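Report on the structure given below.
Chains as they are written, first to last, in the working numbering: chain A, 1 to 305; chain B, 1 to 156.
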């Protein structure tokens with residue numbers, strides 16, 4: 001078991017020996033203090049509002065905690081010229097607009113090659129063969145190795161019409177851009193293959209890859225959200241609801257309207273019209289990117305009754 | 001030099017310093033700084049320059065809040081925060097650490113983290129964005145003062 005003096009050098013042990021009992025009392029007194037990182041963030045007013053209020057109140061009452069975090073603001077952190085240049089280059093790179101897929105040469109090269117081969121094959125003189133007397137069996141379609149699904153169509157379900165269901169564009173939260181995994185890889189790096197599959201509408205592969213990302217980054221909003229949408233495209237409504245509920249619990253303000261909308265869609269398609277209506281009501285009441293669509297959907301649902 | 005680069009060179013050090021004081025970790029502070037300037041670059045045509053660097057610091061603060069939202073699981077343990085405030089009388093060592101005028105805030109924090117919150121020197125260095133040698137120097141200074149105080153107290 002670790003004792004307080006573990007790891008102290010001789011100088012520390014000698015200096016602190018006369019006051020060990022007092023230090024022990026101090027340790028007991030502050031054993032339940034909030035973590036240093038939390039106190040420091042509160043001091044900079046950089047916590048979500050509810051947490052900020054509670055930790056600030058604690059800081060107001062605890063002279064010890066205030067003094068503890070004062071030291072963090074007493075250190076003169078510097079960014080040398082090389083680091084400043086590196087950061088500027090990174091910002092400039094990130095600010096460059098991404099080229100659309102059709103302007104990338106590697107997209108066109110294989111297409112051009114395929115077109116050339118097709119022209120040669122078509123134009124090449126073919127030996128004439130007499131038509132066969134008996135029709136030959138059509139070759140079996142190759143089994144697709146990748147499950148692709150289109151969005152479920154708008155169908156009447158029960159007494160209400162289906163909610164409009166489009167494919168949301170890929171966006172990333174700020175945390176995704178700043179997160180690092182244990183091995184130094186970033187969440188963005190780990191998400192890339194999954195989101196590429198999602199962009200290609202390869203929802204089965206996207207769902208599999210996102211499941212792995214989710215296990216590695218349980219607090220990432222991107223993984224459960226895009227996995228939920230992928231499962232929705234695969235018509236796995238209970239799976240989609242479970243994933244989107246996970247995304248909902250992460251409470252990310254950037255994703256919240258989309259999470260609520262797709263939850264409503266999934267619930268409605270699963271036949272849970274009351275739950276769908278609850279999400280739509282909340283969306284309609286709160287001004288935001290999905291509020292208009294949610295209010296329209298409610299009118300349609302009410303009209304269909 | 002373009003307008004953006006000029007603004008970047010003017011404000012990057014203040015923004016980075018603030019980000020470091022909020023998160024302590026250099027890599028995350030650089031990420032937050034880069035996010036703030038990326039937002040500036042995207043809003044360059046509309047931003048009122050007289051709002052800088054406050055506007056950039058607000059972006060850093062908001063991004064840091066988003067990071068904490070992700071840590072909601074960790075912060076659930078703080079449900080009983082209000083009841084955790086120390087109630088017993090403070091031992092004299094606490095008053096000495098808090099009141100010794102020769103201690104700078106960073107000395108005080110190093111002493112507290114090392115001898116009360118039981119962190120290693122490497123952990124303290126990581127939390128404060130210092131080197132191990134700097135932490136060792138701050139601790140040696142604090143310990144020497146503490147030793148002197150206790151010798152005086154015992155002789156009285």
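Glycine included, each C-beta is placed from N, C-alpha and C at the ideal position.
From a predicted model like this one, the values you see are computed outputs, not experimental measurements.
For a contact defined as C-beta to C-beta under 9 angstroms, what are the partners of residue i on chain A?
i, result
"residue 127(B)", "36, 37, 40 and 72"
"residue 56(B)", "Near residue 56(B) there are no residues of chain A at all, since even the closest Cβ is about 12 angstroms away, more than 9 angstroms."
"residue 64(B)", "41, 44, 46 and 47"
Between the options, which has its C-alpha nearest residue i's C-alpha?
i, options, result
"residue 220(A)", "187(A), 234(A), 202(A) and 235(A)", "187(A)"
"residue 67(A)", "49(B), 103(B) and 120(B)", "103(B)"
"residue 11(A)", "16(B), 140(B) and 52(B)", "140(B)"
"residue 228(A)", "297(A), 31(A), 73(A) and 260(A)", "260(A)"
"residue 95(B)", "164(A), 245(A), 63(A) and 255(A)", "63(A)"
"residue 39(B)", "92(A), 165(A), 237(A) and 295(A)", "92(A)"
"residue 288(A)", "297(A), 270(A) and 253(A)", "253(A)"
"residue 65(B)", "28(B), 117(B) and 151(B)", "28(B)"
"residue 272(A)", "13(A), 237(A) and 164(A)", "237(A)"
"residue 9(A)", "19(B), 32(B), 57(B) and 114(B)", "114(B)"
"residue 129(B)", "99(B), 18(B) and 12(B)", "18(B)"
"residue 30(A)", "65(A), 292(A), 290(A) and 195(A)", "65(A)"
"residue 166(A)", "265(A), 190(A) and 224(A)", "265(A)"
"residue 9(B)", "26(B), 42(B) and 33(B)", "33(B)"
Along chain A, which residues have their Cβ under 8 angstroms away from the Cβ of residue i?
i, result
"residue 5(B)", "88"
"residue 105(B)", "67, 70, 71, 73 and 74"
"residue 24(B)", "37, 40 and 72"
"residue 160(B)", "Here chain B has residues from 1 to 156 only, and residue 160(B) is not among them."
Whole angstroms is fine: what's the gap from residue i's alpha carbon to residue j's?
i, j, result
"residue 46(B)", "residue 267(A)", "41 angstroms"
"residue 3(B)", "residue 60(B)", "21 angstroms"
"residue 155(A)", "residue 30(B)", "Confidence in residue 155(A) is poor, its pLDDT being 36 and thus under 50, which makes the residue's placement too unreliable to answer from."
"residue 70(A)", "residue 124(B)", "14 angstroms"
"residue 173(A)", "residue 215(A)", "18 angstroms"
"residue 89(B)", "residue 88(A)", "51 angstroms"
"residue 22(A)", "residue 56(A)", "28 angstroms"
"residue 70(B)", "residue 204(A)", "27 angstroms"
"residue 23(B)", "residue 37(A)", "7 angstroms"
"residue 145(B)", "residue 217(A)", "46 angstroms"
"residue 283(A)", "residue 226(A)", "19 angstroms"
"residue 40(A)", "residue 21(B)", "8 angstroms"
"residue 197(A)", "residue 168(A)", "14 angstroms"
"residue 151(B)", "residue 15(A)", "10 angstroms"
"residue 208(A)", "residue 91(B)", "57 angstroms"
"residue 105(B)", "residue 77(A)", "15 angstroms"
"residue 222(A)", "residue 247(A)", "8 angstroms"
"residue 301(A)", "residue 163(A)", "9 angstroms"
"residue 13(B)", "residue 53(A)", "29 angstroms"
"residue 136(B)", "residue 195(A)", "46 angstroms"
"residue 116(B)", "residue 24(A)", "8 angstroms"
"residue 280(A)", "residue 256(A)", "12 angstroms"
Please compile the residues from chain A whose C-beta is within a distance smaller than 7 angstroms of the C-beta of residue i.
i, result
"residue 141(B)", "Ordered by position in chain A, no residue passes the 7 angstroms Cβ test against residue 141(B), which lies about 12 angstroms from the chain."
"residue 120(B)", "7"
"residue 33(B)", "87"
Using beta carbons (cut-off 8 angstroms, strictly below), is residue i in contact with chain A?
i, result
"residue 93(B)", "yes"
"residue 130(B)", "yes"
"residue 135(B)", "no"
"residue 30(B)", "yes"
"residue 146(B)", "yes"
"residue 50(B)", "no"
"residue 85(B)", "Interpretation of residue 85(B) is limited by its pLDDT of 49, a score under 50 that renders its predicted location unreliable; no figure is taken from the coordinates."
"residue 45(B)", "no"
"residue 11(B)", "no"
So with Cβ pairs under 8 angstroms, would you call residue i a contact of chain B?
i, result
"residue 48(A)", "yes"
"residue 27(A)", "yes"
"residue 7(A)", "yes"
"residue 164(A)", "no"
"residue 142(A)", "For residue 142(A), the pLDDT reaches just 34, beneath the cut-off of 50, and the residue's location in the model is therefore unreliable, leaving the point undetermined."
"residue 64(A)", "yes"
"residue 11(A)", "yes"
"residue 95(A)", "yes"
"residue 224(A)", "no"
"residue 195(A)", "no"
"residue 260(A)", "no"
"residue 30(A)", "yes"
"residue 279(A)", "no"
Would you mind telling me which residues of chain B sit closer than 8 angstroms to residue i, beta carbon to beta carbon, in chain order?
i, result
"residue 192(A)", "Neighbours of residue 192(A) on chain B: none; closest Cβ ~17 angstroms, over 8 angstroms."
"residue 91(A)", "8, 34, 37, 38 and 41"
Note down, in chain order, every chain B residue with its Cβ under 7 angstroms from the Cβ of residue i.
i, result
"residue 247(A)", "In chain order: nothing, as chain B lies at least about 12 angstroms away."
"residue 22(A)", "91, 92 and 93"
"residue 187(A)", "Result: empty, since nearest Cβ-Cβ is about 10 angstroms, beyond 7 angstroms."
Am I right that residue i and residue j are in contact with their C-beta atoms under 8 angstroms? What's the rounded C-beta distance?
i, j, result
"residue 241(A)", "residue 210(A)", "With 8 angstroms as the limit, residue 241(A) and residue 210(A) do not qualify as a contact, their Cβ atoms being about 16 angstroms apart."
"residue 72(A)", "residue 109(B)", "7 angstroms"
"residue 309(A)", "residue 230(A)", "Shown here, chain A extends from 1 to 305; a query on residue 309(A) therefore has no answer."
Using a cut-off of 9 angstroms between C-beta atoms, extract the partners of residue i located in chain B.
i, result
"residue 206(A)", "Chain B residues near residue 206(A): none, gap ~22 angstroms exceeds 9 angstroms."
"residue 15(A)", "143, 144, 146, 147 and 150"
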